[in-house]
Amino acid sequence: MRQAARFADAAAWHGRAGAVLLVQGAGLLAAAATIRFGRWALPPLLVVVAAEGIRSHAGISHGAWGAALTGIHLVAMTVWVGALLHTTRAVLAWRRAGAAVRWVLARYMGLALWTYLLVVTTGLLTALALVSLSQLTSTTYGRVLLIKVGLVVAASVAALTGRLLQRDDRRIPLLGNVMRVEAVLLAIVLGATAVLVSTPPPSSSAQTATPPPSPRGLVIPLGTLVGQIGVSTTASDGLLVVRLSAPRGGDYYTPQPDQAYDLSASLDNQPLRLSGCGAGCYWAPATWRPGDNSLLLRAAARGWAGGTTGMLVSWPPRPATTELAAAVAATRKAGQLAVYEAVTSDTSRPPPEPGRLDIGADFFVSQEPYSDGTAPIAVLTSSEGQPMRLVLGYPAASITVQLTLDERGRISAETLTDPTHLVTRRLVYTHGE
């Protein structure tokens with residue numbers, strides 16, 4: 027019943043991201059197979075570097091020049107670290123022969139200077155392209171970048187110390203230790219780079235977004251899927267907030283291009299004046315009348331199927347903490363269930379046929395987000411004389427759940443939405459009844 031696990035798609039192996047990963051894997055295998063032939067291993071390694079530049083943050087955000095910048099940065103860093111390791115081995119082996127150490131260092135220093143300048147220059151340009159100064163301390167990506175910069179500065183200090191030591195024959199025996207420190211720091215820099223690659227860079231649009239007004243009183247959370255676009259709404263006293271979300275494409279850890287959204291809304295056939303509050307975020311003042319309010323939304327997102335959907339906002343909401351706990355307890359005791367479930371990630375296509383699953387009621391409840399009988403938001407929206415209807419919200423997970431209860435207070439129907447799925451379930455109790 028864990029929707030994310032059941033319906034996870036192997037997106038890493040499809041489309042552009044999958045092709046780049048396959049090219050990288052093939053390049054590494056080819057390099058490993060040809061490493062015994064020396065320079066023959068270089069072409070496949072350059073292919074790996076080029077592929078990494080294409081899938082890098084800068085490559086996705088800024089195209090060819092961003093990929094080239096990342097590729098040059100990686101090549102320079104690799105040459106610097108590799109040359110340093112070989113030089114360190116030679117210095118340690120010849121540490122008592124000052125003339126030999128100076129000869130090795132003289133050959134290394136010219137190469138190290140150019141690669142160092144390339145690493146620093148390309149790294150600085152990439153950082154400026156991805157992060158603003160205000161984002162350096164306010165985002166995870168910026169903080170990791172600052173740690174990497176600090177490590178590079180420490181490695182630079184160690185490198186400078188080594189160059190000063192090699193001028194004094196009496197201190198040359200200490201040079202090996204200093205170069206080992208430099209090598210260790212650069213290895214840690216590579217580790218920080220790996221963390222940085224796996225951290226999405228901050229979105230420029232998110233930094234300029236003005237948040238919507240704070241909700242007043244109880245909140246009714248509602249969710250659905252319009253085509254392939256996730257729609258999450260919250261209705262509170264005098265306020266409607268709508269958030270749209272489109273599926274992620276390709277590698278989860280790569281940054282996504284800014285997604286363009288469009289939304290129009292009407293309440294009881296009267297158009298609402300929407301204000302933006304960030305990418306895919308909209309809010310409008312709304313006057314809710316007692317009873318069912320008809321909310322019509324038309325959502326679109328560039329590159330994805332959209333459409334129109336209707337929602338009923340039943341006003342006013344009432345707290346449902348007690349009702350939710352009682353419904354979960356009653357359902358757990360029901361014995362066996364036949365669950366008829368249908369799942370879709372695109373409502374613009376014909377709906378799928380429900381599948382039947384025979385399962386224990388206690389196990390069914392244990393797999394649901396409300397398994398402990400609580401929810402961050404739980405409200406009762408049904409009117410007197412109607413089947414009891416509970417609406418649950420889990421804002422941190424972007425999940426909404428609508429539950430309908432039978433005459434015994436057990437869950438008889440469920441609609442669960444997350445940003446990419448719409449799940450509908452009908453529960454039939456079969457244990458001894």
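Be aware that the sequence shown starts at 27, since it is given in this note's numbering, and climbs by one per residue.
C-beta atoms are modelled at their ideal positions from N, C-alpha and C, and glycine is treated no differently.
Bear in mind that the values here come from a model prediction, so they are computed numbers and not experimental data.
Go through its chain and collect everything with a Cβ distance to residue i's Cβ below 6 Å, but skip five positions before and after it.
i, result
"T187", "V204"
"T441", "Q428 and T450"
"G79", "G85, A93, T96 and G97"
"T335", "T250, V252 and L323"
"Q233", "Summary for Q233: the model assigns pLDDT 46, below 50, so the residue's position carries little reliability; its value from the coordinates is reported in the next sentence. Answer for Q233: no residue qualifies."
"D432", "S438"
"P376", "none"
"S340", "D318 and T407"
Can you grab the Cα-Cα spacing for the pair residue i / residue j, in whole Å?
i, j, result
"A119", "E208", "17 Å"
"A327", "Q254", "9 Å"
"Y130", "R115", "According to the sequence as given, residue 130 is Val; it is not Tyr. Whole-angstrom Cα-Cα distance: 11 Å."
"M337", "P241", "19 Å"
"L363", "S392", "13 Å"
"H447", "D372", "8 Å"
"Y167", "A353", "43 Å"
"G383", "E367", "The residue you asked about is not Gly; residue 383 is Leu in the sequence shown. Going from the Cα of L383 to the Cα of E367 covers about 8 Å."
"L265", "P311", "5 Å"
"W330", "Y287", "10 Å"
"R315", "E349", "24 Å"
"T395", "G306", "According to the sequence shown, residue 395 is Pro rather than Thr. When rounded, the distance between both Cα atoms is 25 Å."
"T141", "A181", "14 Å"
"L200", "T104", "25 Å"
"G361", "E410", "29 Å"
"P343", "V405", "6 Å"
"V268", "L298", "12 Å"
"L248", "V49", "43 Å"
"V117", "A132", "12 Å"
"P445", "A325", "14 Å"
"P477", "P237", "Coverage of the chain is limited to positions 27 through 459, which leaves residue 477 absent and any answer about it impossible."
"G51", "T313", "57 Å"
"Q285", "A185", "44 Å"
Just to confirm, is the Cβ distance from residue i to residue j under 8 Å?
i, j, result
"A464", "G92", "The question about residue 464 has no answer here: the residues shown for the chain are numbered 27 through 459."
"G461", "S290", "The structure shown has nothing for residue 461, since the chain only spans 27 to 459."
"A439", "G419", "no"
"T426", "S258", "yes"
"V157", "L144", "no"
"L453", "V365", "yes"
"G399", "A355", "yes"
"A126", "L177", "no"
"R436", "D388", "no"
"L54", "V74", "yes"
"T148", "A102", "yes"
"T165", "H99", "no"
"M135", "R189", "yes"
"L321", "L293", "yes"
Per DSSP, what are the beta-bridge partners of residue i in this structure?
i, result
"C307", "R269"
"I246", "A261"
"V252", "I255"
"I98", "Partner(s): none; I98 has no beta bridge."
"D318", "S340"
"L453", "V365"
"H447", "D444"
Buried or exposed: which applies to residue i, given that a residue is buried once 16 or more other Cβ atoms fall within 10 Å of its Cβ?
i, result
"P413", "exposed"
"G243", "exposed"
"A423", "exposed"
"F63", "exposed"
"N295", "exposed"
"W309", "buried"
"K462", "Missing from the structure shown is residue 462; the chain here goes from 27 to 459 and no further."
"P70", "buried"
"H112", "exposed"
"T443", "buried"
"P345", "exposed"
"V260", "Sequence inspection shows Thr at residue 260; the Val mentioned does not correspond to that position. T260 is buried by the Cβ-count criterion."
"V179", "exposed"
"P378", "exposed"
"I160", "A quick correction: the sequence has Ser, not Ile, at residue 160. Under this definition S160 is an exposed residue."
"I61", "exposed"
"A77", "buried"
"P227", "buried"
"A272", "buried"
"L270", "buried"
Give me, in chain order, the residues of the same chain whose beta-carbon lies closer than 8 Å to that of residue i; leave out the 5 immediate sequence neighbours on both sides.
i, result
"V107", "A209, L212, A213 and L216"
"S262", "P241, R242, G243, L244, V245 and I246"
"R65", "none"
"T456", "G361, Q362, L363, A364 and D384"
Can you name, in chain order, every residue of its own chain whose Cβ lies under 7 Å from the Cβ of residue i, other than the five neighbours on each side?
i, result
"G302", "Y308"
"T430", "P413, R415, S438 and A439"
"R169", "T163"
The ligand MN and residue i: does the residue's C-beta get closer than 7 Å to at least one heavy atom of that ligand?
i, result
"I403", "Inclusion of the ligand MN in the displayed structure is not the case, the ligand content being empty and no account of it being possible."
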